[in-house]
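Here's the structure we're looking at; comments come further down.
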Amino acid sequence: MKEQEFDEWLQEHEKRRPRTKMPPKVLKRIMEEPPLPGKGGLAPGEREEDFVLNYYKATEKFLYNYNSLKASIENMKQEIEGMDYREISAINYDKEPTSKTYAFYSITEEAGVRAADKKRLLEQRIKATEGKIERIDRAIEALNDTERQIITERYINGKQWWQIAYSVRINERWCREIRKRAVTKIAIGLFGEDAMPKDSRNTAVQSG
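Start counting the sequence shown at 742; every next residue gets the next number (the working numbering).
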């Protein structure tokens with residue numbers, strides 16, 4: 742089946758398929774950007790297909806770690822709450838700068854500075870991770886219903902292929918094919934034109 746025929750078949754399937762309620766918003770992801778080969782282009786000796794494949798694998802890494810990333814955000818927020826509680830408790834101590842207690846308060850002030858630095862770092866990490874999750878959410882929302890459900894069931898919910906095939910009423914082989922195309926679309930949404938296969942870029946230029 743040619744690509745155009747497949748797309749037409751998928752569109753027709755979308756119309757006929759019974760509407761199933763999708764799980765709430767999907768997604769999750771990573772603290773650090775995955776190592777992508779020369780973001781400005783191909784590295785010396787690097788093949789185009791390997792370059793694009795790296796974006797594909799990086800996108801899968803984000804999707805597989807979606808739930809863990811979201812959990813990491815909650816854990817960091819909880820850690821900040823604990824730091825705030827300890828800070829409030831420390832303020833309640835009597836702080837008379839007598840000769841006996843001066844050294845003690847110097848130590849606690851130093852510890853307070855370290856805690857403030859750690860809190861800022863945690864807040865920066867939370868913001869960065871939330872921003873990445875939002876990007877993944879937008880990329881997934883751009884998929885059609887079938888693609889979105891397959892991606893959600895496979896990567897977010899960890900379902901087996903036979904379970905996914907039963908859920909979307911498509912055989913496993915086509916589920917895997919749709920998955921590949923959907924991950925490529927998400928990769929483009931996350932990393933831009935560099936993640937597009939060469940043929941797709943040429944087609945876009947010609948159609949423009």
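Ideal Cβ positions, reconstructed from N, Cα and C, are used throughout, including at glycine. Computed from a predicted model, the values in this text were never measured in an experiment.
What does the Cβ neighbour count give for residue i, buried or exposed, with the cut at 16 atoms within 10 Å?
| i | result |
| --- | --- |
| residue 926 | buried |
| residue 868 | exposed |
| residue 765 | Low local confidence applies: a pLDDT of 42 at residue 765 is under 50, so the model's placement there is unreliable, with the coordinate-based value given in what follows. Its Cβ having fewer than 16 others within 10 Å, residue 765 is exposed. |
| residue 907 | exposed |
| residue 771 | At residue 771, the pLDDT of 33 sits below 50, so the modelled position is not reliable and the matter cannot be decided from this model. |
| residue 857 | exposed |
| residue 854 | exposed |
| residue 795 | buried |
| residue 802 | exposed |
What is the C-beta distance between residue i and residue j, in whole angstroms, given that I count them as a contact (C-beta under 8 Å)?
| i | j | result |
| --- | --- | --- |
| residue 883 | residue 933 | Contact doesn't hold; Cβ gap of about 14 Å is too wide. |
| residue 924 | residue 797 | 6 Å |
| residue 793 | residue 936 | 6 Å |
DSSP three-state label for residue i, please.
| i | result |
| --- | --- |
| residue 867 | helix |
| residue 802 | helix |
| residue 856 | helix |
| residue 862 | helix |
| residue 816 | helix |
| residue 873 | helix |
| residue 901 | coil |
| residue 936 | helix |
| residue 880 | helix |
| residue 892 | helix |
| residue 911 | coil |
| residue 885 | coil |
| residue 929 | helix |
Do you know whose CA, among the options, lies nearest residue i's CA?
| i | options | result |
| --- | --- | --- |
| residue 870 | 935, 861, 811 | 811 |
| residue 894 | 820, 805, 799 | 805 |
| residue 901 | 920, 885, 886 | 920 |
| residue 912 | 887, 800, 936 | 887 |
| residue 891 | 915, 937, 936, 816 | 915 |
| residue 859 | 821, 935, 928, 881 | 821 |
| residue 818 | 896, 904, 863 | 863 |
| residue 800 | 910, 873, 823, 815 | 873 |
| residue 877 | 866, 816, 896 | 896 |
| residue 885 | 909, 813, 903 | 909 |
| residue 813 | 875, 866, 918 | 866 |
| residue 861 | 824, 875, 889 | 824 |
Within the present structure, is the beta-carbon of residue i separated from the nearest heavy atom of the ligand SAH by less than 7 Å?
| i | result |
| --- | --- |
| residue 812 | You won't find the ligand SAH in this model; it holds no ligand whatsoever. |
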